[in-house]
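Trainee: Would you mind keeping the following structure in view while I ask a few things?
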Amino acid sequence: MPRRKQTEGEKKIDISQMAEDLGVSKTTVSRALSGNGRVSEATRARVVQYAKEKNYVPNMLARGLVTQQSYNISLVFSRQFGNLAAP
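Heads up: the sequence shown begins at 1 in full-length UniProt numbering, then just goes up one per residue.
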């Protein structure tokens, strides 16, 4: 699912709310959105369509906790840098 920024005034929706609105489990919503697991094509299509309508954006912090990957890069410098803004 492509990521899209939420606009102001738009209520952020999560998997729990989607599951409640659609009358399915959180696991079903998660599997339908990821394309993994056994979910009927009809249910998958319904979940994906609802996610598009509600402008669902995955929570990357939650995903990082589950996958144990953060996609962050750290930089370590061995010397202390002085005034970096000096000409």
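Idealized CB from N, CA, C, for every residue including glycine.
Which residues mark the beginning and the end of the alpha helix (DSSP H) in which Asp-21 is found?
Mentor: 15–22
Trainee: Just how far apart, CA to CA, sit Ala-19 and Val-66?
Mentor: 19 Å
Trainee: Can the beta-carbon of Val-47 be found less than 8 Å from the beta-carbon of Ala-62?
Mentor: Annotated as distal: Val-47 and Ala-62, with beta-carbon spacing of 8 Å or more.
Trainee: Can you list, in chain order, the residues of its chain whose CB lies under 8 Å from that of Arg-3, leaving out five sequence neighbours each side?
Mentor: The pLDDT assigned to Arg-3 is 48, lower than 50, so where the model puts this residue is not dependable; a value taken from the coordinates is nonetheless given after this. Within the same chain, Cβ atoms closer than 8 Å to the Cβ of Arg-3 are found at Val-57, Pro-58, the five residues on either side in sequence being excluded.
Trainee: If you count every other CB in all the chains shown that lies within 10 Å of the CB of Ala-45, and 16 or more means buried, which is it?
Mentor: exposed
Trainee: Between the Cα of Gln-69 and the Cα atoms of Val-76, Met-60, Phe-77, which residue gives the shortest distance?
Mentor: Met-60
Trainee: Grouping DSSP H, G and I as helix and E and B as strand, with all else coil, what is Gly-35?
Mentor: DSSP places Gly-35 in coil when its eight states are reduced to three.
Trainee: Decide if Ile-15 is buried, meaning its Cβ has at least 16 other Cβ atoms within 10 Å, or exposed.
Mentor: buried
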